[in-house]
Every structure is written in structure tokens, then in C-alpha cells.
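Using my numbering, read the sequence shown as starting at 815 and increasing by one per residue.
We treat Cβ as the ideally placed atom computed from N, Cα and C, and that holds for glycine.
Worksheet for the structure shown next.
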Amino acid sequence: MNDMRRVAAEVVILEQVAPDGKFREGPEERDLLDGTRMVVHKCYFTVEQLQEELGGGEVLMDGPAFAIVRV
815 MNDMRRVAAE
825 VVILEQVAPD
835 GKFREGPEER
845 DLLDGTRMVV
855 HKCYFTVEQL
865 QEELGGGEVL
875 MDGPAFAIVR
885 V
């Protein structure tokens, strides 16, 4: 966040949230267009946990799939 705030007065973050309302974190497989697979590390935050991770912020949208937070 420090690097982002160094170059921007505000940052707006669009994040996919936990669909069941429970924080989840860990590896997930992704199927790529060329038929191969890739493992990525994914975190599904709740809106409250996202705000905590960002050190605060204003919730602009809290939807069932995505949240938008301005910091």
C-alpha cells in the first residue's frame, strides 16, 4: 500500500469475495487456453477482512461476488 499511495492519492480495489462468506486461501488449478494447467495462490476475503488487510478504506460496493473498496 505504501508504494501505491506514493504515486496515487487514492486507490480503488475490485476484489472477488468469498461466495460463502468464509475466508479461504490456498492453491487453485486454472485451465489455460492451450490445454495446460497452472496452479495459482488465491485468497477469498470477506469485505471486513479485505478492509483489515488494506488498513481501512471505504466500501463502495459489497456484492455477492465482488467488493469495491477505496483507500
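**Prompt:** If you draw a straight line from the alpha carbon of Lys856 to that of Glu872, how long is it in whole angstroms?
**Reply:** 23 Å
**Message:** Measuring CB atoms only, is the segment 829-837 touching the segment 858-870, in the sense that at least three cross pairs come out at less than 8 Å?
**Reply:** yes
**Asked** In its own chain, which residues sit with a C-beta less than 8 Å from the C-beta of Leu828, not counting the 5 before and 5 after it?
**Response** Phe880, Ala881, Ile882
**Request:** Starting from Asp845, follow the beta strand (DSSP E) in both directions and report where the run begins and ends.
**Result:** Asp845 -> beta strand (DSSP E) spans 838-845.
**Prompt:** Residues in its own chain within less than 8 Å of Met852 by CB, not counting five upstream and five downstream?
**Reply:** Glu843, Arg844, Leu846
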